[in-house]
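Down below is the structure, laid out as structure tokens.
In our numbering, the protein residues as written are 1191 to 1251.
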């Protein structure tokens, strides 16, 4: 199996492509998705719980 080479990004390229996307960071030329933490994580967890309860009550698959 052949693995494609990943092009490393410069800081300028990263800012141009991901500048308005706060869930990503540049580390050693590689783009890394950042997991939500703190309040963002709590809000996401609460939303997922409420959505799951609503789906259960509506008897959706």
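The beta carbon of each residue, even a glycine, is placed where N, CA and C say it ideally should be.
Nearest-angstrom Cα distance between residue i and residue j?
i	j	result
residue 1231	residue 1221	21 Å
residue 1250	residue 1215	37 Å
residue 1229	residue 1240	17 Å
residue 1198	residue 1247	47 Å
residue 1208	residue 1196	17 Å
By Cβ distance, which residues of its chain are closer than 7 Å to residue i, with the 5 residues on each side in sequence left out?
i	result
residue 1223	1213, 1214
residue 1226	1234
What do you reckon, is the C-beta of residue i under 8 Å from a heavy atom of the ligand NAP?
i	result
residue 1200	Judged by which ligands are present, the structure shown has none, so any question about the ligand NAP falls away.
Open item on the list: Just to confirm the assignment: which complete alpha helix (DSSP H) runs, minimum length 4, are found wholly within the segment 1199-1227?
Closed with: 1201-1208
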